[in-house]
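Input: a single structure, listed below in structure tokens.
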Amino acid sequence: MIKTDRQLAYAKRDLEAFEAEHKKLLSEPAPKDVAPRMYQNAIASAARMAKRIRDEIDEYELLKAGDTEVIAVETLSSIPRALIQTRIVRKLTQKQLAEKLGVKEQQVQRWEQQEYENASYATLLDVAEALEFDLSRHNRKCGPTRAAQVARAKRIVAPRDYGVPTALPEWPNWEKSGFDPGRLLQVLQKASTFNHTATTQYSFIGSDKHKSLRIARDQGADDEELLRVFQNLYGYLKHDFEFAVARNAGFLRSSFAGRPGAPPRICLKSNMVGRHGEKEITPLFRDSRVGYDSSVPLDGNTGFSQIAKTGNFYLQNDIPSAVARGEYVNPRIDQSKIHTDFGGRNADFTKLYDRWHDYWTKREGQEEDAAAFYKSTLIMPLKLWDSEISPEFRVFLEGLEIDTRIFGYLCLDHTEVDYFNAAVDLNMAKIVADALCTMLLLRMKWTTHSSNTHAVSKIPIVAKWLSHQDTTAPAIIPQLVALQSELPSLETEGEPLLVSAELGQQLAAVR
7 MIKTDRQLAY
17 AKRDLEAFEA
27 EHKKLLSEPA
37 PKDVAPRMYQ
47 NAIASAARMA
57 KRIRDEIDEY
67 ELLKAGDTEV
77 IAVETLSSIP
87 RALIQTRIVR
97 KLTQKQLAEK
107 LGVKEQQVQR
117 WEQQEYENAS
127 YATLLDVAEA
137 LEFDLSRHNR
147 KCGPTRAAQV
157 ARAKRIVAPR
167 DYGVPTALPE
177 WPNWEKSGFD
187 PGRLLQVLQK
197 ASTFNHTATT
207 QYSFIGSDKH
217 KSLRIARDQG
227 ADDEELLRVF
237 QNLYGYLKHD
247 FEFAVARNAG
257 FLRSSFAGRP
267 GAPPRICLKS
277 NMVGRHGEKE
287 ITPLFRDSRV
297 GYDSSVPLDG
307 NTGFSQIAKT
317 GNFYLQNDIP
327 SAVARGEYVN
337 PRIDQSKIHT
347 DFGGRNADFT
357 KLYDRWHDYW
367 TKREGQEEDA
377 AAFYKSTLIM
387 PLKLWDSEIS
397 PEFRVFLEGL
407 EIDTRIFGYL
417 CLDHTEVDYF
427 NAAVDLNMAK
437 IVADALCTML
447 LLRMKWTTHS
457 SNTHAVSKIP
467 IVAKWLSHQD
477 TTAPAIIPQL
487 VALQSELPSL
497 ETEGEPLLVS
507 AELGQQLAAV
517 R
């Protein structure tokens, strides 16, 4: 993308060079020492480069002329580019925008060079305000051109190994989705603000309480005192992590606001070892609408088994069809009954969708919510992305005997087919999963992977107290109705209110 007049001049020079090269290749025969196919490839390559540069020049000149129709926001990832386009339409130089923001010109140049890839949500909001960027004006549904591009895409393209798509896949329910990029950006900003503060104070206070346990043990405190300090650490790590899960569940639900029907169900699950040594996926936190034990063997559910193999997310927007094709397995779905009823060539698959609830195994004596018979599912792993782990940190984790692969799973499901939009929902789910992954990793460091905590837990009085704690039953995620409907503003939910009293005291002491 051309962003300045200087880049425009360079682009015009390059265009002349490629057009001249293309014309020359067309007018001359292929050299004898060059294969005809390679020569044709060279001609095509020169033509493609010339067209790409010409398109960029046309776009920049239209923007300079004030043509706002060029600006189109289809997904969250297209907002940064739209901000750059808006600056050009407003006839502002990078230096003038920097003056409005109170930063150096070089900072704006870096942001635009990276298309705001490393900028915070707060920065994006500041830039949008400075440019008087009207998101609702530029919010577009998938037009024919974009739809044609999507149709040609054989799969979602993921950068590096993050597992988050950058292209918008075909989404049948797009027109009736109620997708509002402006609202989603607001939810993302609030989630970012909360998680930044929550993980910071979890790190400060958790470390301080763990240090207190170590000091008490080193100083030979009696068992009663060790129990008190242990309970203090245990209670804090449990309570604040549960609170963070509940708040993030609220942010997730808010990101689905405006779509038909209820928001998706949300669960947080982790890896466990079953009674017979088998790997099992067990819920840590469950939606209040999940009124049953949703534990499942790792290889018993296609979503979890695929994540175990690839390390990336799993998205299935049409479970009935996937089951009929033999591409999806879930122990709660009666596969054999489906294959019996719909295994023939002339099977009417519309009946499978209509009678979908009949093919789920029911628990005796339990009345199950209709939401239990879901048709779309999205699972995002809680993990550290391998490409970003430094060698030093990897050695540190190995010293703690912490597997860097997967710590847990953020699971969402819905009864509608084609409910999830990969380009939008996967990004939101990843932001939440990454924040919870950090807190879960810290929690593991101070509990299961701490020699001090492990030693204190073996003291009879502490072991007895732990035995009375229900560590197996998943916590219930509250519905947080207020977050589903109207998001509180940042003025009423200001950042200082998110800081706990304990962290406030620690920060005051540092000052």
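Residues 7 to 517 in the working numbering are what the sequence shown spells out, letter by letter.
Virtual Cβ for every residue (Gly too), placed ideally from N, Cα, C.
Boundaries of the alpha helix (DSSP H) in which residue i is found, first to last residue
i      : result
His345 : 341-348
Thr316 : 308-316
Arg292 : Counting along the chain, Arg292 falls outside any alpha helix (DSSP H), though it belongs to the beta strand (DSSP E) covering 285-293.
Gly108 : Taken as a continuous stretch (DSSP letters only), Gly108 belongs to no alpha helix (DSSP H), as it is neither H nor E.
Ile211 : 187-224
Leu358 : 356-360
Val237 : The question names Val, but residue 237 in the sequence shown is Gln. From DSSP, the alpha helix (DSSP H) with Gln237 extends over 229-261.
Leu131 : 127-136
His460 : 457-463
Trp391 : Looking at the DSSP string, Trp391 is not in any alpha helix (DSSP H), and its letter there is neither H nor E.
Met266 : According to the sequence as given, residue 266 is Pro; it is not Met. Looking at the DSSP string, Pro266 is not in any alpha helix (DSSP H), and its letter there is neither H nor E.
Val335 : Segment: none, Val335 is in no alpha helix (DSSP H) and carries neither H nor E.
C-alpha gap between residue i and residue j, whole angstroms
i      : j      : result
Thr383 : Tyr240 : 33 angstroms
Leu98  : Glu123 : 21 angstroms
Leu403 : Val193 : 32 angstroms
Ile287 : Trp391 : 21 angstroms
Glu231 : Tyr242 : 17 angstroms
Leu131 : Ser327 : 41 angstroms
Ala428 : Pro466 : 50 angstroms
Asp73  : Ser83  : 21 angstroms
Val95  : Met55  : 26 angstroms
Pro42  : Leu31  : 12 angstroms
Phe247 : Asp347 : 46 angstroms
Leu190 : Pro35  : 56 angstroms
Glu111 : Lys29  : 40 angstroms
Met44  : Asp20  : 23 angstroms
Phe262 : Val423 : 15 angstroms
Ile272 : Val462 : 35 angstroms
Arg12  : Leu103 : 17 angstroms
Asp167 : Ala222 : Low confidence applies to Asp167: its pLDDT is 37, below 50, so where it sits in the model is not reliable, and the reading given next is rough at best. So the two alpha carbons sit approximately 43 angstroms from each other.
Arg93  : Lys38  : 51 angstroms
Thr453 : Val235 : 13 angstroms
When the options are compared against residue i, the one with the closest alpha-carbon
i      : options                        : result
Lys381 : Gly414, Phe413, Val335         : Val335
Glu25  : His245, Arg43, Leu219, Ile49   : Ile49
Met7   : Arg43, Ala41, Asp61            : Asp61
Lys101 : Gln115, Asp305, Trp362, Asn318 : Gln115
Ala23  : Ala53, Asn307, Val401          : Ala53
Ser522 : Phe319, Phe413, Gln312         : This structure cannot settle anything about residue 522, because the visible part of the chain is limited to 7 through 517.
Asp64  : Phe262, Lys389, Ala17          : Ala17
Phe200 : Glu121, His245, Ala441         : Ala441
Asp364 : Asp354, Gln341, Ala125         : Gln341
Arg91  : Glu27, Ser456, Val401, Phe139  : The question names Arg, but residue 91 is Gln in the sequence shown. The shortest C-alpha separation from Gln91 is found at Phe139.
Ala250 : Thr444, Glu27, Arg361, Asn238  : Thr444
Leu416 : Trp362, Lys343, Leu290         : Leu290
Thr356 : Trp366, Ile344, Thr367         : Ile344
Glu118 : Ser126, Pro86, Leu107          : Pro86
Pro266 : Val109, Gln225, Thr421         : Thr421
Anticipated Cβ contact below 8 angstroms, residue i with residue j, distance rounded
i      : j      : result
Val438 : Leu258 : 6 angstroms
Leu446 : Phe319 : In fact, because the Cβ distance is near 17 angstroms, the residues do not count as touching under 8 angstroms.
Gly309 : Gln322 : 7 angstroms
Leu89  : Ala134 : 6 angstroms
Ala435 : Leu448 : That pair is no contact at about 21 angstroms.
Unbroken beta strand (DSSP E) run spanning residue i, endpoints
i      : result
Met386 : 382-388
Leu98  : First-last for Leu98: undefined, no H or E at that position.
Gln322 : 320-322
Asp440 : Taken as a continuous stretch (DSSP letters only), Asp440 belongs to no beta strand (DSSP E), being part of the alpha helix (DSSP H) at 428-452.
Leu416 : 414-420
Residue-chain proximity (residue i, chain E), Cβ-Cβ < 8 angstroms
i      : result
Ser311 : In summary, chain E is missing from the structure at hand, where a single protein chain is found.
Task: alpha helix (DSSP H) runs contained entirely in the stretch 33-95, provided each spans 4 or more residues - done: 42-70, 85-95
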